[in-house]
Each structure stands twice: as structure tokens, then as C-alpha cells.
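K.L.:
Following my numbering, the numbering of the sequence shown begins with 947 at its first residue and continues without gaps. Virtual Cβ for every residue (Gly too), placed ideally from N, Cα, C. Pasting a structure here, questions to come.
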Amino acid sequence: MVLPSAGLDSALTRGLPARFRDLENLAKKNPSHLNIVLCRSPSAEVAQEAFELGVWPLSKQTARKLWEIMAAQCEGFVVLVIALPASDYSTTGRGHYLGYGVAICPANTEEMGGLGSTFPEGCKVHWIAKETEVPYSTAGGLVNTLNNNYRIELTRDGFEVDVE
947 MVLPSAGLDS ALTRGLPARF RDLENLAKKN PSHLNIVLCR SPSAEVAQEA
997 FELGVWPLSK QTARKLWEIM AAQCEGFVVL VIALPASDYS TTGRGHYLGY
1047 GVAICPANTE EMGGLGSTFP EGCKVHWIAK ETEVPYSTAG GLVNTLNNNY
1097 RIELTRDGFE VDVE
């Protein structure tokens, strides 16, 4: 899955740790320096709050998977792609991706704000694009080879998505 170029200017990379500042060139240099993880939002309201706080709330299972991927990725970066639940797509035929950003590190309780009472863990995220509402239909032909060739929009929360 290729992420759209956001023309990463200094405004987007301000506050981002030094090793992440040249995201596009790093990803082009070696695809193994990039991991993409799909995260499902339980609701648009949770996504909105997460975008404002600069964190992403995680279930224990998704957090465990994400920390393992991040620990193994010492030269590159992990991109979280945020989407509405797959059930929204399968029941209504509609849905959309909400945005994406670079996973930085685990978030502490204070950084989680109001989300901390509902979710056991969270990840600090440098949002590249948020509130985008890209329809699932735009990626309808993409499949995830790391998940039995299921369509990307049906990939479950916390699953890694094939970069190729």
C-alpha cells in the first residue's frame, strides 16, 4: 500500500524526532524501513479526540502487536492508517479511511486524556493527514498479502499491511 505524498514540508515534520524527518526518502530508499499497521476507530468521535490529542488509543492486543513491530523497526518507522470499523463497511457498503501518521512511542496516562479511561494503552502519533475521509472504494482493489489476501478495508484492527 503506497501512502499518498503529503509534500512533507517543515510544518508537518516540526516536533517529529530526527530519524523520522525525511519520511518519504526513507520509505523510498528501502521498503523494509516502513511498516504499515491498520488501526480501527470504534467511532468518528474517538478518532476526532485522538487526532486532537496526538495519540491513538489501543486495545491490549493491538498495543502488543504494535510494540513488537516498533521494537523490530530500528532504522525506519511505523505508519498507522486509521479507518472506521470493518463492520461499518460490511453492513452498509460504505466507510472510509480517516488519516495516517507516524507512531512515535507509547503514550502515558496524562497524554491519553479522556481516552485513557476507555482504552488500556495508547501510542503517541505524529499525524501526517487526519480527518481525510477517503472512501474505502478508492482502495477497493488493494489486498493485504499479509492477511490471506483480504481486501484492505476488511483488515482487522492492529494487522500489518503489506507495503508492496
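Within the same chain, show all residues whose beta-carbon is closer than 7 Å to that of E1014, passing over the 5 residues directly before and after it, in chain order.
P.N.:
Around E1014: no qualifying Cβ.
K.L.:
Please report the Cβ distance between L999 and E1067, rounded to the nearest whole angstrom; I am assuming they are in contact, meaning their Cβ atoms lie under 8 Å.
P.N.:
That belief does not hold up - the Cβ atoms of L999 and E1067 are roughly 14 Å apart, past 8 Å.
K.L.:
Is L1004 helix, strand or coil by DSSP?
P.N.:
Strand at L1004.
K.L.:
Is the Cβ-Cβ distance between M1016 and V1027 less than 7 Å?
P.N.:
Not in contact: M1016 and V1027 (Cβ atoms no closer than 7 Å).
K.L.:
Drop a sphere of 10 angstroms on the beta-carbon of N1095, count the other beta-carbons inside from all chains shown, and report buried for 16 or more, exposed for fewer.
P.N.:
Per the 10 Å Cβ criterion, exposed.
K.L.:
To the nearest whole angstrom, what separates the beta carbons of A1085 and I1074, a pair I think is in contact under 8 Å?
P.N.:
Not a contact, Cβ separation roughly 17 Å.
K.L.:
Which residues in the same chain have their Cβ closer than 6 Å to the Cβ of F1105, if we skip the five residues on either side of it in sequence?
P.N.:
These residues qualify, in order along the chain: L984 and N1093.
K.L.:
In whole angstroms, what separates the C-alpha of L980 from that of S1063?
P.N.:
Going from the Cα of L980 to the Cα of S1063 covers about 31 Å.
K.L.:
What's the call for T1008, buried or exposed, on a 16-neighbour Cβ count within 10 Å?
P.N.:
T1008 is buried by the Cβ-count criterion.
K.L.:
Beta-carbon separation of N1090 and D1103 under 7 Å?
P.N.:
Result no, Cβ atoms of N1090 and D1103 do not sit closer than 7 Å.
K.L.:
Do the CB positions of P988 and F1065 come within less than 7 Å of each other?
P.N.:
No, the Cβ-Cβ distance between P988 and F1065 is not below 7 Å.
K.L.:
Kindly give me the distance between the Cβ atoms of F997 and E1079, rounded to whole angstroms, as I take these residues to be in contact under 8 Å.
P.N.:
The pair is not a contact, with the Cβ atoms about 12 Å apart (cut-off 8 Å).
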